[in-house]
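In my numbering, the protein residues as written are 251 to 607.
Where is the CB? At the ideal position from N, CA and C, for every residue including glycine.
Treat the numbers as computed from the prediction; the structure is a model and nothing was measured.
Let me begin by presenting the structure, written as C-alpha coordinates, before commenting on it.
Structural data, given as C-alpha coordinates:
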(Lines of atoms letter the chains of each structure in order from A and count residues from 1; the text may use other names and numbers.)
(Lines give C-alpha, C1' and ligand atoms only; values in the text may rest on other atoms or scores of the structure.)
Protein backbone atom coordinates (compact mmCIF):
# COMPACT_ATOMS: atom_id res chain seq x y z
CA UNK A 1 0.00 0.00 0.00
CA UNK A 2 1.23 3.48 -0.89
CA UNK A 3 -0.75 5.92 1.22
CA UNK A 4 -1.57 9.53 0.43
CA UNK A 5 -2.79 11.76 3.27
CA UNK A 6 -4.58 15.02 2.53
CA UNK A 7 -5.31 17.46 5.35
CA UNK A 8 -8.45 19.40 4.49
CA UNK A 9 -11.67 21.11 5.53
CA UNK A 10 -13.80 20.63 2.38
CA UNK A 11 -16.12 23.45 3.39
CA UNK A 12 -17.74 22.58 1.04
CA UNK A 13 -16.11 19.93 -1.16
CA UNK A 14 -15.77 21.26 -4.72
CA UNK A 15 -14.18 20.60 -8.10
CA UNK A 16 -10.82 22.03 -7.04
CA UNK A 17 -10.64 19.47 -4.24
CA UNK A 18 -11.54 16.66 -6.65
CA UNK A 19 -8.81 17.85 -9.00
CA UNK A 20 -6.27 17.95 -6.16
CA UNK A 21 -7.08 14.38 -5.12
CA UNK A 22 -6.80 13.08 -8.68
CA UNK A 23 -3.51 14.79 -9.52
CA UNK A 24 -1.93 14.13 -6.11
CA UNK A 25 -2.62 10.41 -6.52
CA UNK A 26 -1.12 10.45 -10.01
CA UNK A 27 1.99 12.42 -9.03
CA UNK A 28 2.73 10.40 -5.88
CA UNK A 29 1.72 7.00 -7.23
CA UNK A 30 -0.57 6.48 -4.25
CA UNK A 31 -2.77 3.40 -4.17
CA UNK A 32 -4.94 4.60 -1.26
CA UNK A 33 -5.98 7.98 0.13
CA UNK A 34 -6.77 9.12 3.66
CA UNK A 35 -8.30 12.54 4.31
CA UNK A 36 -7.83 14.16 7.72
CA UNK A 37 -10.77 16.56 7.68
CA UNK A 38 -11.90 19.19 10.15
CA UNK A 39 -15.27 18.41 11.72
CA UNK A 40 -18.10 20.87 12.27
CA UNK A 41 -16.03 23.76 13.71
CA UNK A 42 -13.09 24.86 11.62
CA UNK A 43 -9.70 26.55 11.57
CA UNK A 44 -10.73 30.11 10.71
CA UNK A 45 -13.16 30.14 13.62
CA UNK A 46 -16.21 29.25 11.58
CA UNK A 47 -18.76 26.45 11.44
CA UNK A 48 -18.94 24.05 8.52
CA UNK A 49 -21.63 24.95 6.02
CA UNK A 50 -22.42 21.23 5.80
CA UNK A 51 -22.34 18.46 8.39
CA UNK A 52 -19.03 16.57 8.57
CA UNK A 53 -20.58 13.25 7.50
CA UNK A 54 -22.08 14.81 4.37
CA UNK A 55 -18.77 16.46 3.49
CA UNK A 56 -16.98 13.15 4.07
CA UNK A 57 -19.41 11.37 1.74
CA UNK A 58 -18.87 14.02 -0.93
CA UNK A 59 -15.11 13.48 -0.58
CA UNK A 60 -15.58 9.74 -1.24
CA UNK A 61 -17.60 10.61 -4.34
CA UNK A 62 -14.68 12.83 -5.35
CA UNK A 63 -12.11 10.06 -5.11
CA UNK A 64 -11.13 9.65 -1.43
CA UNK A 65 -10.98 6.20 0.16
CA UNK A 66 -11.15 7.05 3.87
CA UNK A 67 -12.15 10.29 5.59
CA UNK A 68 -11.31 10.69 9.28
CA UNK A 69 -12.06 13.58 11.60
CA UNK A 70 -9.23 15.88 12.63
CA UNK A 71 -9.86 16.31 16.38
CA UNK A 72 -11.69 19.50 17.39
CA UNK A 73 -8.73 20.79 19.41
CA UNK A 74 -6.65 20.92 16.21
CA UNK A 75 -9.35 21.61 13.62
CA UNK A 76 -10.53 24.76 15.43
CA UNK A 77 -7.08 26.12 16.21
CA UNK A 78 -4.64 28.53 14.54
CA UNK A 79 -2.43 27.42 11.65
CA UNK A 80 0.52 26.14 13.66
CA UNK A 81 -1.56 23.92 15.96
CA UNK A 82 -3.79 22.79 13.08
CA UNK A 83 -0.69 21.60 11.22
CA UNK A 84 1.06 20.16 14.27
CA UNK A 85 -2.01 18.14 15.20
CA UNK A 86 -2.34 16.65 11.75
CA UNK A 87 1.35 15.74 11.68
CA UNK A 88 1.12 14.21 15.18
CA UNK A 89 -1.54 11.85 13.82
CA UNK A 90 0.44 11.05 10.67
CA UNK A 91 3.59 10.39 12.71
CA UNK A 92 1.86 7.51 14.50
CA UNK A 93 1.93 5.67 11.18
CA UNK A 94 5.23 3.76 11.21
CA UNK A 95 5.70 3.50 7.44
CA UNK A 96 6.38 6.41 5.07
CA UNK A 97 3.37 8.19 3.60
CA UNK A 98 2.99 11.31 1.48
CA UNK A 99 1.15 14.33 2.86
CA UNK A 100 -0.32 16.52 0.15
CA UNK A 101 -1.68 20.04 0.46
CA UNK A 102 -2.79 22.78 -1.88
CA UNK A 103 -0.82 26.02 -2.01
CA UNK A 104 -0.85 29.32 -3.85
CA UNK A 105 2.74 28.79 -4.99
CA UNK A 106 2.54 25.13 -5.96
CA UNK A 107 6.28 24.85 -5.26
CA UNK A 108 7.57 22.64 -2.46
CA UNK A 109 11.13 23.81 -3.11
CA UNK A 110 10.14 27.47 -2.77
CA UNK A 111 8.23 26.77 0.45
CA UNK A 112 11.19 24.89 1.93
CA UNK A 113 13.49 27.79 1.02
CA UNK A 114 11.15 30.29 2.64
CA UNK A 115 10.86 28.13 5.75
CA UNK A 116 14.63 28.24 6.23
CA UNK A 117 14.69 32.01 5.71
CA UNK A 118 11.76 32.59 8.06
CA UNK A 119 13.40 30.45 10.74
CA UNK A 120 16.52 32.60 10.54
CA UNK A 121 14.54 35.85 10.76
CA UNK A 122 12.37 34.45 13.55
CA UNK A 123 15.37 34.06 15.86
CA UNK A 124 15.44 37.82 16.39
CA UNK A 125 11.85 38.73 15.59
CA UNK A 126 8.66 38.33 17.62
CA UNK A 127 6.29 38.42 14.65
CA UNK A 128 4.43 35.21 13.81
CA UNK A 129 5.30 33.10 10.79
CA UNK A 130 2.45 34.44 8.69
CA UNK A 131 3.50 38.04 9.24
CA UNK A 132 7.12 37.22 8.47
CA UNK A 133 6.19 35.54 5.20
CA UNK A 134 4.00 38.45 4.12
CA UNK A 135 6.16 41.35 5.33
CA UNK A 136 9.71 40.12 4.88
CA UNK A 137 9.59 37.72 1.94
CA UNK A 138 8.31 38.56 -1.52
CA UNK A 139 9.11 35.28 -3.28
CA UNK A 140 5.58 33.88 -3.03
CA UNK A 141 2.05 35.25 -2.96
CA UNK A 142 1.99 33.97 0.65
CA UNK A 143 -1.71 33.29 0.84
CA UNK A 144 -3.37 31.36 3.64
CA UNK A 145 -2.53 27.99 2.10
CA UNK A 146 1.15 28.84 1.66
CA UNK A 147 1.31 29.90 5.31
CA UNK A 148 -0.37 26.66 6.36
CA UNK A 149 1.97 24.74 4.05
CA UNK A 150 4.95 26.26 5.84
CA UNK A 151 3.51 25.00 9.11
CA UNK A 152 3.17 21.46 7.73
CA UNK A 153 6.80 21.55 6.62
CA UNK A 154 7.88 23.02 9.93
CA UNK A 155 6.04 20.30 11.88
CA UNK A 156 7.53 17.56 9.70
CA UNK A 157 11.01 18.98 10.28
CA UNK A 158 10.57 19.59 14.02
CA UNK A 159 9.38 16.03 14.61
CA UNK A 160 12.01 14.49 12.30
CA UNK A 161 9.13 12.80 10.52
CA UNK A 162 9.69 9.92 8.11
CA UNK A 163 6.88 11.24 5.91
CA UNK A 164 7.22 13.28 2.74
CA UNK A 165 5.38 16.43 1.71
CA UNK A 166 3.75 17.12 -1.65
CA UNK A 167 2.02 20.26 -2.85
CA UNK A 168 -0.12 21.26 -5.79
CA UNK A 169 -0.86 24.76 -6.98
CA UNK A 170 -4.43 25.61 -6.03
CA UNK A 171 -6.58 25.74 -9.13
CA UNK A 172 -9.10 28.55 -9.06
CA UNK A 173 -9.84 31.55 -6.88
CA UNK A 174 -7.93 32.62 -3.84
CA UNK A 175 -9.63 32.67 -0.45
CA UNK A 176 -11.08 36.16 -0.94
CA UNK A 177 -11.93 35.79 -4.64
CA UNK A 178 -15.25 37.32 -5.68
CA UNK A 179 -15.29 36.85 -9.46
CA UNK A 180 -17.03 33.98 -11.24
CA UNK A 181 -14.55 31.16 -11.85
CA UNK A 182 -14.79 27.60 -13.23
CA UNK A 183 -13.00 26.43 -10.06
CA UNK A 184 -14.64 28.61 -7.39
CA UNK A 185 -13.02 28.60 -3.95
CA UNK A 186 -14.81 27.18 -0.93
CA UNK A 187 -15.13 30.67 0.54
CA UNK A 188 -16.72 32.07 -2.64
CA UNK A 189 -19.17 29.15 -2.68
CA UNK A 190 -20.10 29.87 0.95
CA UNK A 191 -20.64 33.54 0.14
CA UNK A 192 -22.83 32.68 -2.85
CA UNK A 193 -24.88 30.24 -0.78
CA UNK A 194 -25.29 32.82 1.97
CA UNK A 195 -26.50 35.41 -0.57
CA UNK A 196 -28.93 32.92 -2.10
CA UNK A 197 -27.10 32.92 -5.43
CA UNK A 198 -26.55 29.15 -5.12
CA UNK A 199 -29.28 26.94 -3.72
CA UNK A 200 -28.47 24.81 -0.69
CA UNK A 201 -31.06 22.83 1.27
CA UNK A 202 -29.77 23.48 4.76
CA UNK A 203 -26.63 25.64 5.01
CA UNK A 204 -25.26 26.36 8.48
CA UNK A 205 -23.55 29.63 9.42
CA UNK A 206 -21.95 30.90 12.63
CA UNK A 207 -24.71 33.48 13.05
CA UNK A 208 -27.14 30.68 13.90
CA UNK A 209 -25.14 30.00 17.06
CA UNK A 210 -25.32 33.62 18.23
CA UNK A 211 -27.65 32.99 21.17
CA UNK A 212 -25.51 30.08 22.37
CA UNK A 213 -22.32 32.12 22.07
CA UNK A 214 -23.68 35.25 23.76
CA UNK A 215 -25.28 33.16 26.49
CA UNK A 216 -21.97 31.41 27.18
CA UNK A 217 -20.19 34.77 27.41
CA UNK A 218 -22.65 35.91 30.08
CA UNK A 219 -22.85 32.71 32.13
CA UNK A 220 -19.45 30.98 31.96
CA UNK A 221 -16.12 32.12 33.42
CA UNK A 222 -14.12 33.55 30.54
CA UNK A 223 -10.53 33.42 31.71
CA UNK A 224 -10.04 29.59 31.70
CA UNK A 225 -10.93 29.45 27.98
CA UNK A 226 -8.06 28.46 25.73
CA UNK A 227 -6.79 31.53 23.89
CA UNK A 228 -8.08 34.02 26.46
CA UNK A 229 -5.55 36.56 27.71
CA UNK A 230 -5.81 39.12 30.49
CA UNK A 231 -7.90 42.11 29.47
CA UNK A 232 -9.57 40.45 26.52
CA UNK A 233 -12.39 39.08 28.66
CA UNK A 234 -13.30 42.65 29.66
CA UNK A 235 -13.34 43.71 26.02
CA UNK A 236 -15.60 40.79 25.11
CA UNK A 237 -18.15 41.74 27.75
CA UNK A 238 -18.00 45.51 27.31
CA UNK A 239 -18.79 45.23 23.58
CA UNK A 240 -21.44 42.54 23.96
CA UNK A 241 -24.80 43.68 22.62
CA UNK A 242 -27.62 41.24 21.81
CA UNK A 243 -28.66 43.49 18.93
CA UNK A 244 -25.39 42.85 17.11
CA UNK A 245 -24.90 39.98 14.71
CA UNK A 246 -21.80 37.83 15.22
CA UNK A 247 -20.07 39.61 12.32
CA UNK A 248 -20.96 43.02 13.76
CA UNK A 249 -19.75 41.94 17.20
CA UNK A 250 -16.43 40.76 15.74
CA UNK A 251 -16.08 44.09 13.91
CA UNK A 252 -16.53 45.89 17.23
CA UNK A 253 -13.92 43.69 18.92
CA UNK A 254 -11.19 43.42 16.31
CA UNK A 255 -7.91 45.30 16.50
CA UNK A 256 -4.47 44.74 14.98
CA UNK A 257 -3.80 42.46 17.92
CA UNK A 258 -7.17 40.69 17.96
CA UNK A 259 -7.88 39.57 14.41
CA UNK A 260 -11.32 38.29 13.37
CA UNK A 261 -10.33 34.62 12.96
CA UNK A 262 -8.67 34.63 16.38
CA UNK A 263 -11.77 36.14 17.98
CA UNK A 264 -14.11 33.67 16.29
CA UNK A 265 -11.94 30.76 17.44
CA UNK A 266 -12.03 32.14 20.96
CA UNK A 267 -15.83 32.37 20.94
CA UNK A 268 -16.11 28.77 19.74
CA UNK A 269 -13.63 27.51 22.32
CA UNK A 270 -15.55 29.31 25.05
CA UNK A 271 -18.89 27.97 23.84
CA UNK A 272 -17.62 24.38 23.90
CA UNK A 273 -15.58 24.65 27.09
CA UNK A 274 -12.12 24.09 25.60
CA UNK A 275 -9.80 25.40 28.32
CA UNK A 276 -6.13 26.24 28.85
CA UNK A 277 -5.94 23.18 31.09
CA UNK A 278 -7.33 21.06 28.24
CA UNK A 279 -4.68 22.43 25.91
CA UNK A 280 -1.86 21.35 28.22
CA UNK A 281 -3.44 17.99 28.97
CA UNK A 282 -4.31 17.13 25.37
CA UNK A 283 -1.20 18.46 23.65
CA UNK A 284 -0.02 15.87 21.11
CA UNK A 285 -3.05 13.58 21.39
CA UNK A 286 -3.44 11.45 18.27
CA UNK A 287 -6.18 9.09 17.15
CA UNK A 288 -8.18 8.23 14.05
CA UNK A 289 -11.95 8.36 13.97
CA UNK A 290 -13.50 7.43 10.63
CA UNK A 291 -16.32 9.51 9.17
CA UNK A 292 -16.75 7.62 5.90
CA UNK A 293 -14.92 5.03 3.86
CA UNK A 294 -15.12 2.79 0.83
CA UNK A 295 -13.98 -0.82 0.60
CA UNK A 296 -10.47 0.48 -0.11
CA UNK A 297 -10.82 2.60 3.01
CA UNK A 298 -11.35 -0.54 5.09
CA UNK A 299 -8.01 -1.78 3.79
CA UNK A 300 -6.38 1.34 5.25
CA UNK A 301 -8.12 0.82 8.59
CA UNK A 302 -7.08 -2.84 8.69
CA UNK A 303 -3.43 -1.88 8.26
CA UNK A 304 -3.55 1.05 10.70
CA UNK A 305 -5.14 -0.99 13.50
CA UNK A 306 -1.77 -2.74 13.93
CA UNK A 307 0.14 0.55 14.33
CA UNK A 308 0.60 2.92 17.31
CA UNK A 309 -2.21 5.12 15.95
CA UNK A 310 -5.32 4.62 18.09
CA UNK A 311 -8.39 3.76 16.01
CA UNK A 312 -11.66 4.86 17.62
CA UNK A 313 -14.32 2.17 17.38
CA UNK A 314 -17.88 3.53 17.10
CA UNK A 315 -19.27 1.41 19.94
CA UNK A 316 -16.27 1.27 22.26
CA UNK A 317 -15.14 4.07 24.57
CA UNK A 318 -11.37 4.69 24.50
CA UNK A 319 -9.47 3.53 27.58
CA UNK A 320 -6.84 6.28 27.31
CA UNK A 321 -8.12 9.23 29.42
CA UNK A 322 -6.39 11.80 27.21
CA UNK A 323 -8.02 10.47 24.06
CA UNK A 324 -11.30 10.20 25.96
CA UNK A 325 -11.27 13.91 26.89
CA UNK A 326 -10.40 14.99 23.36
CA UNK A 327 -13.16 12.79 21.99
CA UNK A 328 -15.61 14.33 24.48
CA UNK A 329 -14.90 17.73 22.89
CA UNK A 330 -15.36 16.25 19.40
CA UNK A 331 -18.73 14.81 20.37
CA UNK A 332 -19.88 17.96 22.17
CA UNK A 333 -19.03 20.00 19.07
CA UNK A 334 -21.16 17.57 17.05
CA UNK A 335 -24.10 17.72 19.46
CA UNK A 336 -24.16 21.52 19.47
CA UNK A 337 -23.87 21.65 15.67
CA UNK A 338 -26.42 18.89 15.07
CA UNK A 339 -28.99 20.56 17.30
CA UNK A 340 -28.95 23.63 15.04
CA UNK A 341 -28.70 21.62 11.82
CA UNK A 342 -31.53 19.26 12.74
CA UNK A 343 -29.28 16.22 12.30
CA UNK A 344 -29.46 12.98 14.30
CA UNK A 345 -27.89 13.70 17.71
CA UNK A 346 -25.71 10.58 17.87
CA UNK A 347 -22.52 10.43 15.82
CA UNK A 348 -22.27 6.69 16.36
CA UNK A 349 -25.50 5.82 14.52
CA UNK A 350 -24.23 6.70 11.06
CA UNK A 351 -23.50 4.30 8.22
CA UNK A 352 -19.86 4.95 7.37
CA UNK A 353 -19.28 2.44 4.54
CA UNK A 354 -20.14 3.59 1.02
CA UNK A 355 -19.85 1.79 -2.34
CA UNK A 356 -16.60 2.23 -4.25
CA UNK A 357 -16.83 4.84 -6.97
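Handout entry: Where residue 450 falls: helix, strand or coil (DSSP)
Key = coil
Practice task
Decide if residue 543 is buried, meaning its Cβ has at least 16 other Cβ atoms within 10 Å, or exposed.
Solution key: buried
Exercise for the section: Output the distance between the C-alpha atoms of residue 268 and residue 255, rounded to the nearest integer angstrom. Expected result: 14 Å
Exercise for the section: Give me the Cα-Cα distance between residue 289 and residue 301, rounded to the nearest whole angstrom. Expected result: 8 Å
Practice task
Measure the CB-CB distance between residue 245 and residue 421 and report whether it falls below 8 Å.
Solution key: For residue 245 there is no data in the structure shown, the boundaries of the chain being 251 and 607.
Practice task
Could you say if the region 486 to 502 and the region 304 to 311 meet the contact criterion of at least three C-beta pairs nearer than 8 Å?
Solution key: no
Exercise for the section: Only counting runs of 4 or more residues, tell me where the alpha helix (DSSP H) segments fall wholly within the region 500 to 549, in order along the chain. Expected result: 510 to 522 and 526 to 532
Problem - Close-in-space but distant-in-sequence residues of the same chain around residue 628 (CB under 6 Å, 5 per side omitted) - result: This structure leaves residue 628 out entirely; the chain is present only between 251 and 607.
Problem - Simplified DSSP assignment, three categories, for residue 482 - result: helix
Practice task
Under the assumption that residue 415 contacts residue 402 (Cβ atoms under 8 Å), give the Cβ distance between them as a whole number of angstroms.
Solution key: 6 Å
Exercise for the section: Please report how far the alpha carbon of residue 509 lies from the alpha carbon of residue 519, in whole angstroms. Expected result: 16 Å
Handout entry: Rounded straight-line distance, which links the Cα of residue 463 to that of residue 608
Key = Past the boundaries of the shown model lies residue 608; the chain is included only from 251 to 607, so the question cannot be answered.
Practice task
Could you tell me which of 568, 571, 330 and 260 sits nearest to residue 396, measuring between CA atoms?
Solution key: 330
Practice task
Report yes if the CB atom of residue 326 is closer than 8 Å to the CB atom of residue 349, and no otherwise.
Solution key: no
Problem - Whole-Å CB distance - residue 352 paired with residue 418, under 8 Å assumed - result: 6 Å
Practice task
Within 10 angstroms of the Cβ of residue 516, are there 16 or more other Cβ atoms? Answer buried if so, exposed if not.
Solution key: buried
Problem - From 273, 522, 316 and 448, residue whose alpha carbon lies closest to that of residue 295 - result: 522
Problem - Alpha carbon of residue 579 to alpha carbon of residue 412, nearest angstrom - result: 30 Å
Problem - Nonlocal neighbours in the same chain, by C-beta distance under 6 Å from residue 511, ignoring five residues either side - result: 294 and 295
Handout entry: Residue range of the beta strand (DSSP E) that includes residue 414
Key = 414 to 419
Practice task
Please go through the same chain and pick out, in chain order, the residues whose beta-carbon is closer than 6 Å to the beta-carbon of residue 453, but skip the five residues on each side of it.
Solution key: 299 and 443
Exercise for the section: Please classify residue 348: does DSSP put it in a helix, a strand, or coil? Expected result: strand
Problem - Exposure label - residue 476; buried when at least 16 CB within 10 Å - result: buried
Handout entry: Residue interval of the beta strand (DSSP E) (run including residue 258)
Key = 253 to 258
Problem - Pick from 498, 410, 530 and 447 that is closest to residue 346, judged by C-alpha positions - result: 410
Practice task
Confirm, please, whether the CB-CB distance from residue 550 to residue 282 is below 8 Å.
Solution key: yes
Practice task
Helix, strand or coil for residue 394, going by three-state DSSP, please let me know.
Solution key: helix
Exercise for the section: Please name the residue or residues paired with residue 291 in a DSSP beta bridge. Expected result: 297
Handout entry: Neighbourhood of residue 547 by C-beta, 6 Å cutoff - its chain only, sequence neighbours within 5 removed
Key = 315 and 316
Handout entry: Buried or exposed (CB count within 10 angstroms, at least 16 for buried), residue 566
Key = exposed
Practice task
Please state whether DSSP places residue 280 in a helix, a strand or coil.
Solution key: coil
Handout entry: Where the alpha helix (DSSP H) through residue 311 begins and ends
Key = 302 to 311
Handout entry: Distance, residue 310 Cα to residue 587 Cα
Key = 22 Å
Handout entry: Span of the beta strand (DSSP E) around residue 456
Key = Where residue 456 is concerned, there is no enclosing beta strand (DSSP E), given that its DSSP letter is neither H nor E.
Handout entry: residue 314 in three-state terms, based on DSSP
Key = coil
Exercise for the section: Enumerate in chain order the residues of its own chain whose CB-to-CB distance from residue 483 is below 7 Å, with the five nearest sequence positions on each side excluded. Expected result: 472 and 473
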